[in-house]
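Residue numbers (this note's numbering): 79 to 365. The beta-carbon is built from N, C-alpha and C at its ideal position, and this holds for glycine as well.
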Amino acid sequence: MFHPLPEELRDIAGQPFPLYPCSNESWSIKPTAGRSSSRVMICSIPKAGTHLYARLLGLLGLVQSDVFFNKDYLGDFRFVDIERARFTHSENILWIPIEISSRFIQPGQFGYGHLPCDIGTRHCLADFKIVFLSREMRAAIVSQMRYVGDSDWCPPERAEITWRNEPDGPDKMLKYFDEIAPFIFNDRCHPVAPWADQENVLGLSYEQIIGDQGREVQLETIRRIVEFCEIERPPQPELILNQLIGQQTFTLSSGRTSWEACWNAEIEARFTALGGTRLNERFGFGS
Numbered sequence: 079m080f081h082p083l084p085e086e087l088r089d090i091a092g093q094p095f096p097l098y099p100c101s102n103e104s105w106s107i108k109p110t111a112g113r114s115s116s117r118v119m120i121c122s123i124p125k126a127g128t129h130l131y132a133r134l135l136g137l138l139g140l141v142q143s144d145v146f147f148n149k150d151y152l153g154d155f156r157f158v159d160i161e162r163a164r165f166t167h168s169e170n171i172l173w174i175p176i177e178i179s180s181r182f183i184q185p186g187q188f189g190y191g192h193l194p195c196d197i198g199t200r201h202c203l204a205d206f207k208i209v210f211l212s213r214e215m216r217a218a219i220v221s222q223m224r225y226v227g228d229s230d231w232c233p234p235e236r237a238e239i240t241w242r243n244e245p246d247g248p249d250k251m252l253k254y255f256d257e258i259a260p261f262i263f264n265d266r267c268h269p270v271a272p273w274a275d276q277e278n279v280l281g282l283s284y285e286q287i288i289g290d291q292g293r294e295v296q297l298e299t300i301r302r303i304v305e306f307c308e309i310e311r312p313p314q315p316e317l318i319l320n321q322l323i324g325q326q327t328f329t330l331s332s333g334r335t336s337w338e339a340c341w342n343a344e345i346e347a348r349f350t351a352l353g354g355t356r357l358n359e360r361f362g363f364g365s
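Structure, rendered in structure tokens:
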């Protein structure tokens, strides 16, 4: 039996955002539930393994929303093929704020996004299990530059990026710092970073799960997620890890990012001025 949206949610009526009715008279972003009584949200800086960890949670038995959450809008990729998703980014944006969209993630499901750690967002996610993801910032920024080149993504208020197809290197990186990096640092990194300091938040890094610290750290990372997210009857970590690494995800670039090849002294100065060194220290990567 269908039931109407409650009054406080009717602002989204008419938007192309299908929802599924639940037996408890709520609405869900997916019609199925996973192996947990918890709702889970991945909050990450860009290119910190967001989609890699999302794949991991899915392999462990949680239901991936396939919706990318931001504070004021979301990206709905539930019905978009992975190969096309990076080239149809703007077509999938809906202006539904986190105050509303977070209600549609049910127990056993998870969402992900670069959500700021502010009072309003923390209130919306008060009963969620929060997994915060970080990465060494130079590698993250170079990876984000490569993603810009490989997709149709643009920051707000910028209609065109003319250097997408130029070869990777310091010249392209300087153009990225001219046009994109201030937005990424000021809107997608610094506001998200305080999750690292919050109690009852599981902090993890890209380097831990990709294998930079060894296989045992990868396996322990999987065990920590299982315990934190209260996942019932999880598969063996060894089996999960063998299925995880190297699989295609929405934002996976071709090959591992080597930030040194795109770096020079001028870029380092800009990186420091935008707070990259401070973020690295905050996340435990040193300067």
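I believe Y190 touches T110 by the beta-carbon criterion, under 8 Å. Please report the beta-carbon distance rounded to the nearest angstrom.
Contact between Y190 and T110 fails: their C-beta atoms lie close to 18 Å from each other, not under 8 Å.
When you compare the region 169-178 with the region 148-157, are there three or more beta-carbon pairs, one atom per stretch, that lie closer than 8 Å?
As far as the Cβ criterion goes, the region 169-178 touches the region 148-157, which means the pair count is three or higher.
If you drop the 5 nearest sequence neighbours on each side, which residues of the same chain put their C-beta closer than 6 Å to that of Y254?
Scanning its chain for C-beta atoms nearer than 6 Å, with the 5 sequence neighbours on each side dropped, one finds around Y254 the residues M223, in chain order.
In chain order, what residues of the same chain lie with their CB nearer than 8 Å to the CB of T199, ignoring the 5 residues before and after it?
Taken in chain order, the residues that qualify are K149, I176 and L193.
Taking just the CA atoms, how far does C232 sit from I239?
If I take the Cα positions, the gap works out to 7 Å.
Contact between the region 98-115 and the region 133-144 (3+ Cβ pairs under 8 Å):
The region 98-115 vs the region 133-144: in contact.
Could you pull the start and end residues of the alpha helix (DSSP H) that Q321 belongs to?
DSSP places Q321 in the uninterrupted alpha helix (DSSP H) bounded by P315 to L322.
Helix, strand or coil: how does DSSP classify G227 here?
Residue state, collapsed to three classes: helix.
If you reduce the DSSP assignment to three classes, tell me which class D275 lands in.
D275 carries a helical assignment under DSSP once its states are collapsed to helix, strand and coil.
Rounded Cβ spacing between S287 and L134 (contact assumed at less than 8 Å):
The question names Ser, but residue 287 is Ile in the sequence shown. Indeed, because the Cβ distance is near 7 Å, the residues count as touching under 8 Å.
So L366 and A126 are supposed to be a Cβ contact under 8 Å. How far apart are they, rounded?
As displayed, the chain neither begins before 79 nor continues past 365, which places residue 366 out of reach and without an answer.
Taking a contact to mean a Cβ-Cβ separation below 8 Å, would you say M215 touches L357 in this structure?
Yes, the pair counts as a contact, with Cβ atoms nearer than the cut-off.
Could you tell me the boundaries of the alpha helix (DSSP H) in which C202 lies?
I197 to C202 is the extent of the alpha helix (DSSP H) around C202.
Compute the distance between the beta-carbons of K207 and C307, then report whether it is under 8 Å.
It is a contact, given that the beta carbons lie within the stated cut-off.
For P312, does the count of other Cβ atoms within 10 angstroms reach 16, so buried, or fall short, so exposed?
Under a 10 Å Cβ-count criterion, P312 is classified as buried, with 16 or more other Cβ atoms of the shown protein chains found around its own Cβ.
Euclidean distance between Cα positions of R293 and E285
Put simply, the backbone Cα of R293 is about 11 Å away from that of E285.
I174: first and last residue of the uninterrupted beta strand (DSSP E) it sits in
I174: not part of any beta strand (DSSP E); DSSP gives it neither H nor E.
Exposure label - N243; buried when at least 16 CB within 10 Å
By the beta-carbon neighbour count (other beta carbons within 10 angstroms, threshold 16), N243 is exposed.
Going by the beta-carbon positions, is the gap between I219 and F349 smaller than 8 Å?
Contact flag set, yes.
Between the Cα of W337 and those of L297, M251 and I262, spot the shortest distance and give me the residue it belongs to.
W337 has its Cα closest to that of M251, out of L297, M251 and I262.
Determine which residues share a DSSP beta bridge with V220 and list them.
Looking at the DSSP assignment, V220 forms no beta bridge with any residue, so it has no partner.
Report yes if the C-beta distance between L97 and F182 is below 8 Å; otherwise report no.
Cβ atoms of L97 and F182: closer than 8 Å.
Using beta-carbon positions only, say whether I323 and G289 come within less than 8 Å of one another.
Cβ distance < 8 Å, so I323 and G289 count as in contact.
Quick one: measure Cβ to Cβ for C340 and I123, integer angstroms, because I've assumed they're closer than 8 Å.
Not a contact, Cβ separation roughly 18 Å.
Roughly how many angstroms lie between the CA atoms of P185 and A274, to the nearest whole one?
Between P185 and A274, the C-alpha separation is close to 24 Å.
Please go through the same chain and pick out, in chain order, the residues whose beta-carbon is closer than 7 Å to the beta-carbon of F261, but skip the five residues on each side of it.
Apart from sequence neighbours up to five positions away, the residues of its chain that approach F261 with a beta-carbon distance below 7 Å are P233, ordered along the chain.
Whole-Å CB distance - D57 paired with P269, under 8 Å assumed
In the structure as shown, the chain begins at 79 and stops at 365. Residue 57 is therefore absent and cannot be evaluated.
Could you check if A217 is buried or exposed, using at least 16 other CB atoms within 10 Å of its CB as the buried criterion?
The residue in question, A217, is buried, as its Cβ has 16 or more Cβ neighbours within 10 Å.
Since I208 sits in a beta bridge, which residues does DSSP pair it with?
I208 pairs with M119 and V279.
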